[in-house]
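Single-structure report; data block below.
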Amino acid sequence: MSWGMEFAIFGGFLLVMILSGMWLPFAIGLGAVISLVVTNGISSLNALGFVMWGSVNSITLAAIPLFVFMAELLSRSGISARFYQGLSVVVRRLPGGLLQTNIAGCALFAAISGSSIATAASIGRVAMPQLDARNYNAKMACGSIAAGGTLGILIPPSITLIIYGTLTELSIAQLFMAGMVPGILLALFFMIYTGIRCSLNPSLAPRDEEVVDRGQAVRSLLGLLPFIGLIFVVLGGIYFGIATPSEAAALGASLSLLLCAGFRALSWKVLYDALEGTIRISASLIFIIMAAILFSYSIEITGIGRALAESVESLQLTSFEFIAFIVILFAVLGCVLDGGAMVVLMTPIFFPMLASLGVDPIWFGVLIVVLVEFGMLTPPFGLNLFVVNSISGRSLGTVVAGCIPYYVIMLAFIVLLALFPAIALWLPSQM
97 MSWGMEFAIF GGFLLVMILS GMWLPFAIGL GAVISLVVTN GISSLNALGF
147 VMWGSVNSIT LAAIPLFVFM AELLSRSGIS ARFYQGLSVV VRRLPGGLLQ
197 TNIAGCALFA AISGSSIATA ASIGRVAMPQ LDARNYNAKM ACGSIAAGGT
247 LGILIPPSIT LIIYGTLTEL SIAQLFMAGM VPGILLALFF MIYTGIRCSL
297 NPSLAPRDEE VVDRGQAVRS LLGLLPFIGL IFVVLGGIYF GIATPSEAAA
347 LGASLSLLLC AGFRALSWKV LYDALEGTIR ISASLIFIIM AAILFSYSIE
397 ITGIGRALAE SVESLQLTSF EFIAFIVILF AVLGCVLDGG AMVVLMTPIF
447 FPMLASLGVD PIWFGVLIVV LVEFGMLTPP FGLNLFVVNS ISGRSLGTVV
497 AGCIPYYVIM LAFIVLLALF PAIALWLPSQ M
């Protein structure tokens, strides 16, 4: 049987399993096991124990539950509401008002949470009642939260970048720094679009006539300092080489506990709920990583990955043609798969091709994350769409309509990232 037929059968089986509702790790793992047995016989399973243990026996992965705990704690304690209120005093005078606060709040909360869903949910729960009370346009309100929430997996600390770095054995610290400038730029593009749109049509975002005195403004700014300090400690420790990502995550989790206690927002219930959420989310992510490593092992042993790489090389694609193919593929896959599935399935296939095509693997990691962000807004399986749909009470069609301009901005940003790779690579080169 040719490698092409093996790959088609394996891919078809995997797609059927995922679309039938089978949990992602089981679908990937079962497909990998069947591929190994069919190609190399039952003896090929002898190394699975070693492969599975090696996939999770990594100090790098310790950062995942710690970053998840930090986000869960700040979200469940209600600290995110205090954070949003303080930021709104600073940002809401811009054209777009609280819509700008949504995006800026998502960008800053992303530097704490590492999760797109957590970012959208935390900011959305606080923002939507205020947006509704002030009669903001529903499509703009939903779109700003859904799109802003995607920044949670680009601006470090990013759980998706940790997964990508684990699968490729790249430096997590460099990947984090590579996501910093693109994440900030994308947030600025979102805010510029919002400002222009609301300046042209002020009815989309009614002006807030509430007068804020100087004392209130100063208190709001001071209230933001603990959050900014938390971000600086976590990311600054990584950038300056003082702490590894796992150590920075442990420090961030500890400081989050102190922050909640300082604001008198810490209780046994909050702690229990945060730990329960952390265990549930982290176990799911680690299980997915184990399945992804097994999948990577299967395509290496069966020779599918090597044959596919040689086939692509024979086409003599330029790096831009290869990137265009990746963008189209992820745009299509985003309609039927969630972001995590795309990362764990596509990375082992395409990563071996990067060297021959002259594509920087750190830069490629940022591209993958931006494409996953795009997928999180793509119907029918874009997870951020469902998060905002749930917390806003608006129809899914309204949420999707509000996200359409952000699709265009993301596609334009991908082109910009391809034309100027230094956007992602400059900061890691300074480490």
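Quick note: the sequence shown uses my numbering, first residue 97, plus one each step.
Glycine included, each C-beta is placed from N, C-alpha and C at the ideal position.
Own chain residues within Cβ distance below 8 Å of residue i, not counting five before or after
i	result
GLY239	VAL495, ALA497, GLY498, CYS499, ILE500, PRO501 and TYR502
LEU467	ILE422, VAL423, PHE426, ALA427, GLY430, MET438 and ILE510
LEU110	ALA123, ILE124, GLY127 and LEU441
LEU326	ILE208, GLY348, LEU351, SER352 and LEU355
ILE397	LEU132, THR135, ASN136 and SER140
VAL483	ILE213, ALA216, ALA217, GLY220, ALA242 and GLY245
ASN231	PRO302
LEU317	GLY182, VAL185 and VAL186
VAL147	ILE389, LEU390 and TYR393
Residues near residue i in its chain [Cβ-Cβ closer than 6 Å; skip 5 each side]
i	result
SER282	Checking the sequence, you will find Leu at residue 282 rather than Ser. Here the set comprises PHE509.
ASN528	The question about residue 528 has no answer, for the chain in this structure spans 97 to 527.
LEU523	MET273, MET276 and VAL277
PHE323	PHE179
ALA520	ALA274, PRO278, TRP459 and VAL462
GLY108	none
GLY373	GLU168
With 16 other Cβ atoms within 10 Å as the buried cut-off, status of residue i
i	result
VAL187	buried
THR197	buried
LEU321	exposed
GLU417	exposed
ARG303	exposed
GLY245	buried
VAL314	exposed
LEU227	buried
LEU250	buried
ARG490	buried
GLY210	buried
VAL112	exposed
PHE447	buried
ALA451	exposed
GLY358	exposed
LEU362	buried
Selection from the options that minimises the alpha carbon distance to residue i
i	options	result
THR156	ILE268, PRO524 and PHE109	ILE268
LEU461	ILE255, LEU296, PHE482 and ILE334	Correcting the residue identity first, residue 461 is Gly in this sequence and not Leu. The candidate whose alpha carbon is nearest that of GLY461 is ILE255.
GLY201	ILE213, GLY220 and ARG189	GLY220
TYR366	PRO252, ILE292 and GLU168	The sequence shown places Val at residue 366, rather than the Tyr named in the question. The candidate whose alpha carbon is nearest that of VAL366 is GLU168.
ILE385	ILE259, SER139, PRO252 and GLY244	ILE259
ARG360	GLY108, ILE124, ILE288 and ARG178	ARG178
SER394	ASN142, VAL483 and ARG230	ASN142
LEU195	TYR289, TRP149 and GLY145	TYR289
THR262	ALA518, TRP119, SER342 and ALA451	SER342
ILE445	LEU507, ARG490, THR264 and MET287	THR264
ILE199	ARG376, ILE241, SER407 and LEU296	ILE241
PHE336	PRO475, GLN270, SER154 and SER452	GLN270
PHE285	GLY373, VAL504 and ASP456	VAL504
PRO253	MET166, GLU372 and MET148	MET166
GLY248	ILE280, SER407 and ARG490	ILE280
Distance CB(residue i)-CB(residue j) smaller than 9 Å
i	j	result
ILE257	VAL465	It is Leu, not Ile, that sits at residue 257 in the sequence shown. Against a cut-off of 9 Å, the Cβ pair of VAL465 and LEU257 comes out as a contact.
GLY127	ALA301	no
ALA370	SER173	yes
SER212	ASN480	yes
ALA514	ILE419	yes
ALA78	ILE487	Residue 78 falls outside the range modelled here, since the chain spans only 97 to 527, and no answer is possible.
MET287	LEU411	no
THR414	LEU453	yes
PHE470	MET527	no
THR215	ALA229	no
PRO121	SER380	yes
Own chain partners of residue i with C-beta closer than 7 Å, once the 5 adjacent residues on each side are dropped
i	result
SER378	ILE160, PRO161 and VAL164
ARG293	LEU300
SER154	THR262
PRO517	ASP456 and TRP459
TRP119	none
GLY319	ARG178 and GLY182
Residue i beta carbon near the ligand COA (any heavy atom closer than 8 Å)
i	result
SER116	By its list of ligands, the structure shown contains no ligand whatsoever, and the ligand COA lies outside what it can speak to.
message: Pairs of beta-carbons, one from the segment 119-133 and one from the segment 385-392, closer than 8 Å: are there three or more?
response: yes
task: Would you check if there are 3 or more beta carbon pairs closer than 8 Å linking the segment 131-141 to the segment 328-341?
output: no
query: Counting Cβ pairs closer than 8 Å, one from the segment 234-248 and one from the segment 170-184, do we hit at least three?
result: no
- request: Pair every Cβ in the segment 344-354 with every Cβ in the segment 213-228, then say whether three or more of these pairs are closer than 8 Å.
  value: no
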